[in-house]
Structure formats: structure tokens, C-alpha cells
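Using my numbering, count along the sequence shown one by one with no gaps and you end on 452. Think of the CB as a built atom: it goes at the ideal place given N, C-alpha and C, for glycine as much as any other residue.
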Amino acid sequence: MDKQVLDEVFKSYDIRGKVGSQLTPELLNMLGQALALWLPKKGPVAVGRDMRPDSEALANAMIEGLRTQGRDVWDIGEVTTDMIYFTVGHFELAGGAVVTASHNPGEYNGIKICRENAGAVGKASGLFELKDMIIANDFPESKEEQGAREAKDVTEEWITHVLSFIDVDKLKPMSLAVDAGNGMAGKIFPELEPFVPWDITEMYFELDGTFPNHEANPLKFETLADIIKTIRDNKLDGGIAFDGDGDRAFLIDETGEVLTGGVMSAMIAEYFLKKYPGSTIVYDARNSRTVPEVIEANGGTPLRTVVGHSNIKLSMRDADAPFGGEGSGHFYFRDNWYADSGLIAAVIGIYVAQLSGKKLSELREQYTHYYAIPETNFEVEDKQAMMQKVEAAFPDAEIDHLDGVTVSLANGSWLNVRPSNTESILRLNVEAKSQEDLDALVKKVMELLQ
3 MDKQVLDEVF
13 KSYDIRGKVG
23 SQLTPELLNM
33 LGQALALWLP
43 KKGPVAVGRD
53 MRPDSEALAN
63 AMIEGLRTQG
73 RDVWDIGEVT
83 TDMIYFTVGH
93 FELAGGAVVT
103 ASHNPGEYNG
113 IKICRENAGA
123 VGKASGLFEL
133 KDMIIANDFP
143 ESKEEQGARE
153 AKDVTEEWIT
163 HVLSFIDVDK
173 LKPMSLAVDA
183 GNGMAGKIFP
193 ELEPFVPWDI
203 TEMYFELDGT
213 FPNHEANPLK
223 FETLADIIKT
233 IRDNKLDGGI
243 AFDGDGDRAF
253 LIDETGEVLT
263 GGVMSAMIAE
273 YFLKKYPGST
283 IVYDARNSRT
293 VPEVIEANGG
303 TPLRTVVGHS
313 NIKLSMRDAD
323 APFGGEGSGH
333 FYFRDNWYAD
343 SGLIAAVIGI
353 YVAQLSGKKL
363 SELREQYTHY
373 YAIPETNFEV
383 EDKQAMMQKV
393 EAAFPDAEID
403 HLDGVTVSLA
413 NGSWLNVRPS
423 NTESILRLNV
433 EAKSQEDLDA
443 LVKKVMELLQ
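In C-alpha cells:
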């Protein structure tokens with residue numbers, strides 16, 4: 003395999019690239035062989051896929067690679083990414099992989115991998131070892147007795163698991179729009195509907211990996227125009243928007259405003275602190291300062307960590323944390339093998355709203371303590387030099403370097419700039435106690451970055 007291509011497609015947390023030129027059945031076959039040999043636990047490996055036109059061929063190639071090196075394979079078909087973590091954890095398998103590029107455009111694809119107990123496989127936890135094995139291409143000859151391939155449908159067990167996080171008997175009727183973005187939630191969410199008393203307006207549930215209606219990335223609020231219009235026009239109680247592979251979900255209130263990752267992190271954190279008083283709750287470095295404030299106000303211990311699922315999961319395991327939240331809309335649950343799930347987060351979020359008796363807009367306001375901007379990217383040639391420039395511009399501020407540079411000012415405003423792992427990009431997050439303070443801080447930082 004071309005080492006340059008491998009260097010391009012192996013990211014910090016997963017594998018992702020353009021189909022044909024970068025991701026090929028040959029690469030997936032070799033990845034399957036490498037994974038079969040690398041996984042420390044014996045036993046079957048689960049493989050799933052999303053709805054992209056080439057996902058089935060790539061998944062088949064990976065399955066054959068696994069079987070070549072003697073691994074039995076559970077082919078769980080078209081699933082959301084969170085279902086691969088569930089399958090590996092619930093059925094105590096050796097590991098799993100799902101072929102998906104999440105919200106990326108249709109010409110891309112990728113692979114997310116986990117080991118036993120749905121443990122993360124990232125740059126620092128085995129992913130680059132797999133890359134080295136592919137580069138070496140020193141695989142044993144095909145075993146005479148290949149591993150077996152068995153088709154499995156885990157949907158029923160998955161829905162039962164999702165509903166185990168709430169008391170279903172306490173759910174109340176509600177009118178909701180759900181936008182699947184032509185992604186995998188369009189297949190799985192209907193399986194939940196018979197068990198909840200919600201009147202669902204389904205939007206873009208047709209599986210289509212070319213994403214004909216909009217990019218399936220609810221973190222970009224401009225992709226939510228259709229669901230917001232549907233909520234407002236039909237006077238619905240709110241909505242849920244999923245990303246392409248279903249492992250992220252955002253709630254939208256009855257006025258059409260989004261409950262941000264920070265709002266949902268704080269809201270769900272309080273829910274788990276009521277269930278598990280005194281617990282540690284994990285949140286990432288770019289998440290809203292509302293989150294640690296809510297955790298402390300409810301008797302919990304906030305634990306701030308580096309952005310990224312492998313970091314969140316490791317911190318949660320070390321602290322036995324029941325919940326972890328990222329500003330990007332990834333929400334992690336101890337009782338889900340510390341893995342993230344869009345569906346679990348959405349169900350808990352709606353459940354919390356119904357228990358409170360408040361409208362989603364009232365909860366949004368309750369858990370919004372700061373004015374903020376959406377995460378904003380800036381192209382820069384020298385990321386390290388630019389971060390030093392930002393730091394130097396605030397000589398009287400409190401500085402930390404947990405993830406990039408975080409600057410905390412005496413008036414309660416703060417900013418974080420952190421580098422992309424794969425591109426010449428700095429990502430900026432800013433919060434302030436007033437719109438005036440926010441505007442002033444954003445203006446100053448943007449002048450530096452531009």
C-alpha cells in the first residue's frame with residue numbers, strides 16, 4: 003500500500019478518505035487482516051456499515067480480510083455507529099468496525115474501530131499499529147479454515163438498551179420533527195417509535211449516501227433550516243436532528259432554536275447527578291463553562307479533558323463517570339460501555355424535558371449562562387506560532403494548555419484556540435457574560451487570527 007495514502011487516511015480517531023483514490027477494497031481487506039491479528043481478545047468481530055453507495059463493498063472486503071486470518075464475523079448490516087459499540091459490548095465480542103464517513107460528503111467513506119468492551123481504537127490506542135501492519139504487509143498466508151460469516155440483526159436488543167436509560171412509563175405525548183438527513187437514523191429511529199407516545203414528523207428518512215437534501219451535520223446550524231421551518235410552521239413541541247451515522251443528535255426547541263452541545267451536556271449531566279449523586283462528570287475543553295457550573299451546583303465533580311472520543315472515554319473509565327459531554331454533540335454513557343450515542347442522548351433529553359414539565363425553550367434558557375459563537379475555523383500556516391500570538395495578546399489573563407490555548411479573563415469571558423489534527427486550521431470557541439463582552443473579545447481574536 004502507498005504509505006502517503008495511509009498517512010492521509012489514518013486520522014487521530016478513525017480512518018477517512020476519498021473512495022477509489024484513497025479507500026479501496028484492497029485496503030479494507032488488509033485492514034481486516036491486521037485487525038484480526040491485532041485484537042487481543044479471541045472470538046468474533048462485528049462489522050456494520052452505513053448507507054453510502056460503496057459501504058457494502060468496503061465492508062465485504064474487510065469481512066473477508068478478517069475471515070482470511072481465522073476470525074468469525076458478525077455481519078450486522080446497515081446500522082448507526084453507536085450500534086457497533088453496543089454490539090461489541092453487549093455480546094462480549096472481540097471488537098468491531100463500522101464503515102462510515104459520518105457527515106462527510108458522499109465521495110468520502112471511512113472506518114471506525116473498537117476493541118473489546120467497545121474500547122476506543124485511536125492514534126494512541128492501536129490505530130497506528132494497524133497502519134504499520136498494513137505498511138509491512140507481512141500477513142500469514144490464508145488459513146485453511148477461514149472464519150465463519152454470520153448475518154445478525156441486533157436492532158431489537160439495541161432499542162431495548164436505549165430505553166433502559168429512562169422510565170418509559172413516565173413519557174408523555176409530544177409532537178416532534180425528526181431529521182435523519184438521509185442517514186442511518188432514518189432506518190433505526192422508526193424502530194423506536196412504537197415504544198414512545200410521540201407524534202413524529204419524519205424528515206429525510208430515505209437512506210441516501212449522496213445526501214440530496216442537506217449535509218447531515220447538525221453542528222452546522224445552517225443544515226437545520228428545514229427542520230426549524232417544519233417545527234415553526236406546524237407548531238410542534240420540538241425536534242431532533244441526527245448526523246449521517248447517527249452517533250450525534252441535537253435537540254431543537256419549539257421556537258426553532260437549537261439546544262447546543264453545551265446546553266445538552268449540562269442538562270444531561272444534571273439528570274445523571276440526580277441518579278448518581280456526587281459523581282464525576284467529564285466534559286471537553288471547548289465545552290461551555292455552563293457545564294462545570296451545573297455539575298458543581300448539583301454536587302458533582304467536573305473533570306475537563308482534551309477534545310476527542312478516545313480522551314473522553316479514557317477519562318470516564320478512570321473516574322467511573324456516568325456521563326461525558328462534548329460541545330460537538332457527542333454524548334457518552336458509562337452504561338453504554340462509555341461510548342457515545344445520538345439516540346440515547348436524544349431520548350434522555352426529551353425525557354428530561356418531560357419530567358421537568360418545561361418547554362424545550364425554557365430548558366435552553368435555563369442551561370445557557372453565557373453568550374457564545376459557534377466553533378469557527380481559521381486557516382493558518384503555522385498553527386503553533388499563531389497560538390503563541392493569541393496567548394501573548396492577553397498578558398493579564400489566566401492561561402492553560404490542556405488542549406490548544408485557553409484564555410480566561412477576569413470578567414468571566416474565555417476563549418480556546420486549538421489546532422486541527424489533520425489540517426492547517428485553528429478552531430476558535432468564545433464565551434462571555436454579555437453580548438458586548440463577546441463582541442469585543444471575538445473582534446480582538448479575529449484580528450489576530452486573520
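Under the three-state reduction of DSSP output, A153 falls in the strand class. In the DSSP assignment, S317 falls within the alpha helix (DSSP H) that extends over H311 to A321.
W40 places its beta carbon less than 7 Å from that of L132.
As the crow flies, the alpha-carbon of W416 is around 19 Å from that of E298. Looking at D402, V447, I352 and S422, the one whose alpha-carbon comes closest to that of V392 is V447. One Cα belongs to G211, the other to L440, and the distance between them is close to 38 Å. Here the segment 421-439 lies against the segment 384-402, with 3 or more beta-carbon pairs under 8 Å apart. Rounded to the nearest whole angstrom, the C-alpha separation of A38 and V11 is 20 Å. Straight through space, the alpha carbons of G327 and T282 are spaced by roughly 12 Å. Cβ-Cβ distances below 6 Å link G414 to K435 in the same chain, with the five nearest sequence neighbours on each side left out; the list follows chain order. Put simply, of R69, M266 and I115 the residue whose alpha carbon is nearest the alpha carbon of D255 is M266.
A227 and G121 have their C-alpha atoms some 36 Å from each other.
Approximately 6 Å separates the beta-carbon atoms of L173 and V198; this is inside 8 Å, confirming the contact. Contiguous alpha helix (DSSP H) elements confined to the segment 80-167 occur at 83-92, 130-138 and 157-165, taking only those with 4 or more residues.
Within its own chain, the residues whose Cβ lies closer than 8 Å to the Cβ of T408, once the five positions on either side in sequence are excluded, are A287, I401, D402, W416, L417 and N418, listed in chain order.
Around the C-beta of S144, fewer than 16 other C-beta atoms lie within 10 Å, and the residue is accordingly described as exposed. In the DSSP assignment, G188 falls within the unbroken alpha helix (DSSP H) covering A187 to L194. Only exposed fits Q6, as fewer than 16 other CB atoms lie within 10 angstroms of its CB. With respect to L25, G34 sits apart: the two C-beta atoms are not nearer than 7 Å.
The continuous stretches of alpha helix (DSSP H) do not include M3, and DSSP gives it neither H nor E. Shown here for E272: same chain residues with a beta carbon closer than 6 Å to its own, the five before and five after excluded, namely V296 and N300 in chain order. Taking a contact to require three or more Cβ pairs closer than 8 Å, the segment 239-258 and the segment 68-86 qualify as touching. As summarised for the segment 223-291, the continuous beta strand (DSSP E) elements at least 3 residues long and confined to that stretch are 240-244, 251-254 and 282-286, given in chain order. For the 7 Å CB-CB criterion, D201 and S177 form a contact.
In the three-state reduction of the DSSP assignment, S343 falls in the coil class, being assigned neither a helical nor a strand state. Looking at E80, V47, P42 and L68, the one whose alpha-carbon comes closest to that of S57 is E80. About 18 Å separates the Cβ atoms of Q437 and Y369, ruling out a contact at the 8 Å cut-off. Rounded to the nearest whole angstrom, the CA to CA distance from S330 to A150 is 38 Å. Excluding five sequence positions before and after I242, the CB atoms of its chain that fall closer than 7 Å to its own CB belong to L178, V180, A251, L253 and A348, given in chain order. The Cβ atoms of G112 and D16 lie closer than 7 Å to each other.
Buried is the label assigned to R336, since at least 16 other Cβ atoms lie within 10 Å of its Cβ.
Between the alpha carbons of L443 and V432 lies a distance of about 8 Å. No residue range can be given for E208, since it is assigned to no alpha helix (DSSP H) and is classified by DSSP as neither H nor E. In this structure K315 is buried. Its beta-carbon is surrounded by 16 or more other beta-carbon atoms within 10 angstroms.
In this model, H216 and E118 are separated by some 35 Å (Cα to Cα). Nearest in C-alpha terms to I230, of all of L209, T203 and F207, is T203.
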